[in-house]
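**Student:**
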Amino acid sequence: MKLLQELTSSLNRLFLFELEDGNRVESVFYRGDTLCLSTQVGCAVGCPFCLSGSQGLYRNLKVEEIIGQYLILKDRLAIKRVAFAGVGEPLMNWRAVEEAFWWFKGKGIRVSFYTVGSPASKLRELLKLPHSGVSISLHGVEEGLRRLLVPHGGSLKELLSVLREELPKLSLRKRKKVSLAYLLLKGINDSEEALRRLALLARELGVGVVLLRYNHTVEAFGDVGDREYERAFLLLRSYGVRTTLSTRFRRDSLGGCGRLLANRSLTGC
Ligand code: SF4
Numbered sequence: 373m374k375l376l377q378e379l380t381s382s383l384n385r386l387f388l389f390e391l392e393d394g395n396r397v398e399s400v401f402y403r404g405d406t407l408c409l410s411t412q413v414g415c416a417v418g419c420p421f422c423l424s425g426s427q428g429l430y431r432n433l434k435v436e437e438i439i440g441q442y443l444i445l446k447d448r449l450a451i452k453r454v455a456f457a458g459v460g461e462p463l464m465n466w467r468a469v470e471e472a473f474w475w476f477k478g479k480g481i482r483v484s485f486y487t488v489g490s491p492a493s494k495l496r497e498l499l500k501l502p503h504s505g506v507s508i509s510l511h512g513v514e515e516g517l518r519r520l521l522v523p524h525g526g527s528l529k530e531l532l533s534v535l536r537e538e539l540p541k542l543s544l545r546k547r548k549k550v551s552l553a554y555l556l557l558k559g560i561n562d563s564e565e566a567l568r569r570l571a572l573l574a575r576e577l578g579v580g581v582v583l584l585r586y587n588h589t590v591e592a593f594g595d596v597g598d599r600e601y602e603r604a605f606l607l608l609r610s611y612g613v614r615t616t617l618s619t620r621f622r623r624d625s626l627g628g629c630g631r632l633l634a635n636r637s638l639t640g641c
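Rendered as structure tokens:
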């Protein structure tokens, strides 16, 4: 594999790689210490707000292609942490991702995950690893809505039953590293009732919430305004839920959440 192009904004640096078979994936360096890695070429989950999976899944990345993104960049960036949060669903390429995880751990690099939590058997394995953070993309607290927003991400019922079984087995310290990611979409999942249900669920599970704002990747969805975002944050906090907000790195037009692509063309950058 080889590095084809680097794109930079005032916040993020995006790296476009070409693989041996001509497919392209990308990584993003953000926060000055973290490299967000792709795990698949495309994604089969098909979240309608995300560009990464908009063309479906081309193929899984091999372990050497996951690690390769780091190896090509390691001498030019101060990488202290990697996040399996780029293009692809890490649990759907689990054997390669797990092998890459142990490789990074062996190098003393912290590893965090963003996942929809499916397949459930792999989520169980992930929760047991010595990771530095797992964010589980929820986006809806009701089966029909979650299926709309995370179409091929498994059933909400199964996800919650795995979390209810596995989380109590974790130490308090480890449980603190698990959170529910919730992308606020105007008029879709931002009602007070939906947020109250989210708060009660997070409280029951004993995990925090990462409250994400929309990056306008697809016109069909809208972002909530600043006041609504603050109101949602305060509501969650009022239930005692540890709540993290979208950082400006996540919202950057270059490399922000949902903005990475499989097989990006050089001219279209
Ligand atoms: S948000 Fe994640 S799981 Fe959903 S389509 Fe995008 S890359 Fe796949």
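According to the numbering used here, the sequence shown is numbered sequentially starting from 373. Note that CB positions come from ideal geometry on N, CA and C, so glycine has one too. Keep in mind the model is a prediction, meaning the values are calculated, not measured.
#1: Report the partner residues of Ile508 according to the DSSP bridge assignment.
#2: Applying the criterion that 16 or more other CB atoms from any shown protein chain within 10 Å of the CB defines a buried residue, is Ala450 buried or exposed?
#3: Alpha carbon to alpha carbon, what distance is there between Glu392 and Trp466?
#4: In whole angstroms, what separates the C-alpha of Ile481 from that of Lys452?
#5: If you draw a straight line from the C-alpha of Glu530 to the C-alpha of His524, how long is it?
#6: Would you kindly work out how many angstroms separate the C-alpha atoms of Arg636 and Gly458, rounded to a whole number?
#7: If we ignore side chains and look at the alpha-carbon of each, how far apart do Lys558 and Thr615 end up?
#8: Output the distance between the C-alpha atoms of Arg545 and Ala553, rounded to the nearest integer angstrom.
#9: Gln412 and Asn395: beta carbons closer than 8 angstroms?
#10: Note down the Cα distance separating Leu499 from Leu539, rounded to an integer number of angstroms.
#11: Determine, using beta carbons only, whether Leu379 and Leu386 come nearer to each other than 8 angstroms.
#12: Buried or exposed: where does Gly478 fall if 16 or more other Cβ atoms within 10 Å of its Cβ makes it buried?
#13: Looking only at its own chain, which residues have a Cβ that is under 7 angstroms from the Cβ of Leu555, when we skip the five neighbours before and after it?
#14: Could you work out which residue in Gly418, Leu633, Leu423, Lys374 is closest to Glu436 when comparing CA atoms only?
#15: DSSP beta-bridge partners for Ala455?
#16: Of the residues Leu445, Ala571, Leu388, His588, which one's Cα is nearest the Cα of Asp405?
#17: Starting from Arg631, trace the alpha helix (DSSP H) in both directions and tell me its first and last residue.
#18: Short check: CB of Leu423 to CB of Gly630, under 8 angstroms?
#19: Starting from the C-beta of Leu517, find all residues in its chain whose C-beta is less than 7 angstroms away, skip the five residues before and the five after it, and write them out in chain order.
#20: Helix, strand or coil for Arg648, going by three-state DSSP, please let me know.
**Tutor:** Let me spell this out:
#1: Answer by DSSP bridge pairing, in chain order: Thr487, Leu552.
#2: Flag for Ala450 reads exposed.
#3: Whole-angstrom Cα-Cα distance: 21 angstroms.
#4: Put simply, the backbone Cα of Ile481 is about 6 angstroms away from that of Lys452.
#5: So the alpha carbons of these two residues sit roughly 13 angstroms apart.
#6: For Arg636 and Gly458, the distance between alpha carbons rounds to 13 angstroms.
#7: Going by the C-alpha atoms only, they are around 19 angstroms apart.
#8: Cα to Cα, Arg545 sits roughly 19 angstroms from Ala553.
#9: The Cβ atoms of Gln412 and Asn395 lie no closer than 8 angstroms to each other.
#10: Approximately 8 angstroms between the Cα atoms of the pair.
#11: In this structure, the beta-carbon distance from Leu379 to Leu386 falls below 8 angstroms.
#12: Label assigned to Gly478: exposed.
#13: Once the five neighbours on either side are set aside, the close Cβ partners of Leu555 are Phe421, His511, Leu584, Tyr586.
#14: Of the candidates Gly418, Leu633, Leu423, Lys374, Lys374 places its Cα closest to the Cα of Glu436.
#15: Paired residue(s): Cys408, Ser484.
#16: Closest by alpha carbon: Leu445.
#17: Annotation for Arg631: no alpha helix (DSSP H) segment contains it, and DSSP assigns it neither H nor E.
#18: Using a Cβ distance threshold of 8 angstroms, Leu423 and Gly630 count as a contacting pair.
#19: If the five residues before and after Leu517 are omitted, its C-beta is found closer than 7 angstroms to the C-beta atoms of Asn561, all from its own chain and listed in chain order.
#20: This structure leaves residue 648 out entirely; the chain is present only between 373 and 641.
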